[in-house]
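Engineer:
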Amino acid sequence: LRRNPGELEFHQAVREVLGSLGPVVARHPEYTDAGVITRLCEPERQIVFRVPWVDDAGRVQINRGFRVEFSSTLGPFKGGLRFHPSVLAGTVKFLGFEQIFKNALTGMPIGGGKGGSDFDPKGRSEAEVMRFCQSFMTELYRHLGEHTDVPAGDIGVGTREIGFLFGQYKRITNRYESGVLTGKGVTWGGSQVRPEATGYGLVYFAEQMLAHRGTDFDGRRVVVSGSGNVAINAIEKVHQLGGTVVACSDSQGYVVDEAGIDLEVLRQVKERDRARLSAYADVRDATHVTTGSVWDVACDIALPCATQNELDETHARTLVGNGCVLVAEGANMPTTPEAVQVLADAKVAFGPGKAANAGGVATSALEMQQNASRDSWTFEHTEARLGEIMRGIHERCLTTADAYGLPDDYVAGANIGGFIQVADAMLALGVI
Ligand code: NDP
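Below you can see the structure in the form of structure tokens.
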């Protein structure tokens, strides 16, 4: 805490993981002897840099860029870039820390890292976004490489931004190094299913949780927060599995559409028009609400897919009161620790993001595999691999939780499972 003052989200993420590790260090003193936990809490490298760019009015703008290279024990640093005004060092560090265990859980050869900037792409022209991305990459490129550090997208960074970043990397290095970034468009080195992967993977994971309880999505009423990449694709997969998503949100409110969110309209509003969610209600027979929270809408299943700490204790009590049976996190750390406790007390099944949203990074690793072999797989093949990976993560959470006498505790299963994978490799690689 003393070393990282004011980094509240980072403290929260570290506490959350360490809270599960008591039984592990009791059983494996070798981890403590080798300083595994202390080493894991200190990033291997942190890069902070100035991003100067010129806006459309000719004014110079300055943003701050970050890349936190947390752990390369299992593979190159891997994790997204977030462009949002709320991004601070502690935000990137919490995300990077989580990423180590998430990536380990996938069983794929990827380390953990995260990056971003306090740049706000909202309301900026395409030319401004391009100039910002080019300036950002002009500094970051020297730290990247397909065997070193491989960023992807996150909040505010989609295929468009990855394209501008990749273009600048290619220009500066004079190398067509496809494996240096993931989330690329399919015609220029990207993977099928990558845009859908986090949302689809989340719903596959929730499907496994339901199956474990002898039930499924069919006929279920579902609420999803957010209306970005993860949320939209989660909504699509819920509908494919027979559930109905009745509400989703953005940072200015939420819409309730009792007939089920219309995906075509939502994609038009959010992806093509880049408009506010209120525009959805102008087209559909839906209500746009700007007070309270999307969690006030009664549901059987809640999928938080917006941002950290968006589902608090009060929201959790409302969900429980409305009969919600399952919460699975599409976003990173969206549920506060107090809310997690309320859900646990009420025996609501809870799938933590580390496990439930790992489908995105897993498919990024599949993109890296395709880039390395100069191959591109079909949508069906890639989606089948994603399904297999999510089933594998679910199984690993349950078997790990069982092995530590904590049956059905997905939080313990994910934290311990991810930790052991990376800790064993750290022992093997020595004190570095
Ligand atoms: P997008 O930028 O595509 O969408 C983010 C959505 O969340 C938007 O609807 C946005 O609303 C809302 N949102 C963002 N910040 C806030 C805030 N401070 N308060 C309220 N609403 C907010 O991002 P993604 O869908 O890619 O990411 C969503 C979450 O999923 C993040 O936690 C991310 O870390 C996590 N994640 C993403 C992965 C991916 O593959 N993309 C992989 C794994 C996790 P508005 O438009 O109004 O800003």
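According to my numbering, the sequence shown holds residues 1 to 432 in order.
We put the beta carbon where it would ideally sit given N, CA and C, even for glycine.
I'd like the span of the alpha helix (DSSP H) that includes isoleucine 232, first residue to last.
Structural biologist: 229–240
Engineer: Hey, which unbroken runs of the beta strand (DSSP E) at 3 residues or more fall wholly within the segment 241–269?
Structural biologist: 244–250 and 253–256
Engineer: Within the 8 Å Cβ cut-off, does alanine 197 reach chain C?
Structural biologist: No chain C appears in the structure shown, which is made up of a single protein chain.
Engineer: For proline 76, does the count of other Cβ atoms within 10 angstroms reach 16, so buried, or fall short, so exposed?
Structural biologist: buried
Engineer: Can you check DSSP and say which residues form a bridge with lysine 114?
Structural biologist: Val68
Engineer: Measuring from the CB of glutamate 310, is there a heavy atom of the ligand NDP at a distance below 7 Å?
Structural biologist: In this structure, glutamate 310 has its CB closer than 7 Å to one or more heavy atoms of the ligand NDP.
Engineer: Which partner residues does tryptophan 53 have in the DSSP bridge list?
Structural biologist: Gln61
Engineer: Residues in the same chain with beta-carbon distance under 7 Å from threonine 287, minus the five sequence neighbours each way, listed in chain order, please.
Structural biologist: Val255, Val256 and Ala281
Engineer: Unbroken beta strand (DSSP E) runs of length 3 or more, entirely within the segment 284–314: which are they?
Structural biologist: 287–289 and 301–304
Engineer: Going by other Cβ atoms of all chains shown within 10 Å of its Cβ, with 16 needed for buried, is leucine 74 buried or exposed?
Structural biologist: buried
Engineer: I'd like the list of long-range same chain contacts for leucine 263, defined as Cβ closer than 8 Å, with 5 residues on each side in sequence excluded.
Structural biologist: Ile232, Ile235, Glu236 and His239
Engineer: Across which residues does DSSP place serine 225 in a beta bridge pair?
Structural biologist: Pro304
Engineer: Check the DSSP bridge columns for alanine 47 and list the partner residues they point to.
Structural biologist: The question names alanine, but residue 47 in the sequence shown is isoleucine. Beta-bridge pairing links isoleucine 47 to Arg67.
Engineer: Considering only the beta carbon of each residue, do serine 72 and isoleucine 416 sit closer than 8 Å?
Structural biologist: no
Engineer: Rounding to the nearest angstrom, what Cα-Cα distance links glutamate 395 and aspartate 56 in this structure?
Structural biologist: Glutamate 395 and aspartate 56 have their C-alpha atoms roughly 51 Å apart.
Engineer: Phenylalanine 205 and lysine 184: beta carbons closer than 8 Å?
Structural biologist: Taking 8 Å as the Cβ cut-off, phenylalanine 205 and lysine 184 do not qualify as a contacting pair.
Engineer: Any idea what DSSP makes of leucine 165, helix, strand or coil?
Structural biologist: helix
Engineer: Using only CA atoms, which one of Leu319, Asp216, Pro195 and Phe132 lies nearest to valine 224?
Structural biologist: Leu319
Engineer: To the nearest angstrom, how far is it from the Cα of asparagine 332 to the Cα of aspartate 33?
Structural biologist: 31 Å
Engineer: At a cut-off of 7 Å, would you count threonine 307 as near the ligand NDP, judging by its Cβ distance to the nearest heavy atom?
Structural biologist: Under cutoff, so the answer is yes.
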